[in-house]
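*Asks:* Residue numbers (the working numbering), protein chains in the order written: chain A, 1 to 149; chain B, 1001 to 1319.
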Amino acid sequence: MNQTSEWEPKILGLLCKWCSYAGADLAGTSRKKYPANIRIIKIPCSGRIDPLLIIRALRSGFDGILVSGCHPGDCHYQTGNYRARRRIAITKRFLEYMGVEPQRIQASWVSASEGGKFAEVVTEVTRDLKEINPNRLFTDERDGTKTTH
Amino acid sequence: MSETEQKLRIEARALLEQGRVDYIIGYETGSLKFTTTPLITTNKDDVDRLVINPFIVNNLSVFLRETSGKAGIVAKGCDSRSIVSLIQDQQLARENIVIIGVPCSGVVDLKKVERLTGKDRDELDDIIWEGDKAVVTIGGVKKEFQAREVLLDDCLSCEVPVPQEYDILLDEVGPLVCDKELSRSHIKGLEDMPPEQRWQFWKNEFSRCIRCYACRQVCPACFCERCFVEESEPQWVSPLPKWQDNLIFQVGRMIHVAGRCTDCGECERACPVNIPLRSLSKKMEEIVEELFHYRAGTDKEAPPLMAAYKVDEAEDFIR
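#1: List the whole-angstrom C-beta distance separating I977(B) from G1072(B), where the pair is believed to meet the contact cut-off of C-beta under 8 Å.
#2: In chain A, which residues lie less than 8 Å from K1283(B) when you measure between Cβ atoms?
#3: Does DSSP put A1270(B) in a helix, in a strand, or in coil?
#4: Quick one: what does DSSP say P1038(B) is sitting in, helix, strand or coil?
#5: Grouping DSSP H, G and I as helix and E and B as strand, with all else coil, what is E980(B)?
#6: For L1008(B) versus I1052(B), is the C-beta spacing smaller than 8 Å?
#7: Identify the continuous alpha helix (DSSP H) that holds D1126(B) and give its terminal residues.
#8: Taking the beta strand (DSSP E) that L1146(B) belongs to, which residues open and close that run?
#9: Quick check on D1089(B): buried or exposed, where buried means 16 or more other Cβ atoms within 10 Å of its Cβ?
#10: Quick one: grab the DSSP three-state call for C16(A).
#11: Are the stretch 1085 to 1099 of chain B and the stretch 1129 to 1148 of chain B in contact at 8 Å, needing three or more beta carbon pairs?
#12: Classify Y1205(B) as buried or exposed, calling it buried when 16 or more other Cβ atoms lie within 10 Å of its own Cβ.
#13: Between the alpha carbons of E1172(B) and K1044(B), how many angstroms are there, rounded?
#14: Find the residues of chain B that neighbour E124(A), judging by a C-beta separation of less than 9 Å, and give them in chain order.
#15: Taking the beta carbon of C1209(B) as the centre, do at least 16 other beta carbons fall within 10 Å, making it buried, or is it exposed?
#16: Going residue by residue through the stretch 1132 to 1202 of chain B, where are the continuous beta strand (DSSP E) segments of at least 3 residues, counting only ones entirely within it?
#17: Between the stretch 1287 to 1298 of chain B and the stretch 1239 to 1247 of chain B, do three or more beta carbon pairs fall short of 8 Å?
#18: Check each residue of the stretch 102 to 115 of chain A: if its Cβ is closer than 9 Å to any Cβ of chain B, include it; give the result in chain order.
#19: Counting only beta-carbon atoms, is T91(A) nearer than 8 Å to chain B?
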């Protein structure tokens, strides 16, 4: 794929149902504009995020992953977001060391009342990803393997 | 036979005779010169085969979960960390293990000795520690080498030559020689590369992987009853050894053992295609220490890394 001005990154959004998903809903109902690059999956809690999901999303061709949950202290299950933070922190740092651009793994705290913040976050993440190349990490020129893009 | 070895045999025999343990897990002389192999026995007459020498490389704690009942285990400083880590994860009960601590002067990397002397292992007569020097005898002639020239890369980053957790401590420890910079020189080299080059490097390495899972089997921290690579719903990785799946397997494994891995280096030694896995595990250990000030296997009362949190930590990457 050539990187052209038309290139639009594909972002996987994993949003916690108690805060960020509701925040995304609010962004919609309050007619906030944000890039249509994000594909959202509702998850029960950011603590649900297994680092393998992040790696698998990269393998299947997503340019970036945004995990979003409740602000610290606001988790519906008390501590899920704190646990998520540890997991995502090591995943991000470790993949960075292996050669994955740090922009690809993103996280945010967005509450149910922060529709505006959700729109900003998606705008920023999209902008960050446009600065780097499309995800070709797992493509293989030799055997013609293509990621599903 | 060294004095330490003598003490070990006496202690091991006593443990078995008094019925304080059902098993002894230790090292015996391997079939090749300058190697050792694990010895797991219930028979008190076998204890005379136990050895302590500069080649007791294996981390025996991996066998603790395979023996039932009480086990007496020979442990170096680094191995005791793995045992503590297993206790933290409630994989072992402390009262079921008798740790026979061996103060370790470091394990000699035979390849390095062979390279330095230009001789094959069969041409070498003896290799022993004398203080912080390794003395190699070749045809009756003694040659001295600095410890940092012949130590295993793992041992170069050693911090705890004496087991921190033990029931019986066999001896005094020799001088600790370590060279942290030399030990992480490969990681440093990778960190200095641009990201694409780094990815290319790992891609090349993992294209050699044959997915034998030796790294997983030998790892004391890999104790899942069912590994994610064998799950079929969802199928996280394809069973075919394609580099993409090989890489995902290893990344997944490294993330799973983060906070358990003590960087013992067994995975790298077990790897039949010489993938530099310690450059991953050591980096993960560094990341964990930097972010959470946590070192695996140093405190048996501490909760496992991923089962705990602090309110204020690692916030900087979150929007």
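Where is the CB? At the ideal position from N, CA and C, for every residue including glycine.
*Replies:* Working from what's here:
#1: Since the first and last residues shown for chain B are 1001 and 1319, residue 977(B) lies out of range.
#2: F94 and Y97
#3: helix
#4: strand
#5: The question about residue 980(B) has no answer, for chain B in this structure spans 1001 to 1319.
#6: yes
#7: Counting along the chain, D1126(B) falls outside any alpha helix (DSSP H), though it belongs to the beta strand (DSSP E) covering D1126 to E1130.
#8: The sequence as given places Gln at residue 1146(B); Leu does not occur at that position. V1141 to Q1146 is the span of the beta strand (DSSP E), which, as asked, contains Q1146(B).
#9: buried
#10: strand
#11: no
#12: It is Glu, not Tyr, that sits at residue 1205(B) in the sequence shown. Counting Cβ neighbours within 10 Å, E1205(B) comes out buried, since at least 16 surround it.
#13: 26 Å
#14: R1319
#15: buried
#16: 1133 to 1138 and 1141 to 1146
#17: no
#18: P102, I105, Q106, A107, S108, W109 and V110
#19: yes
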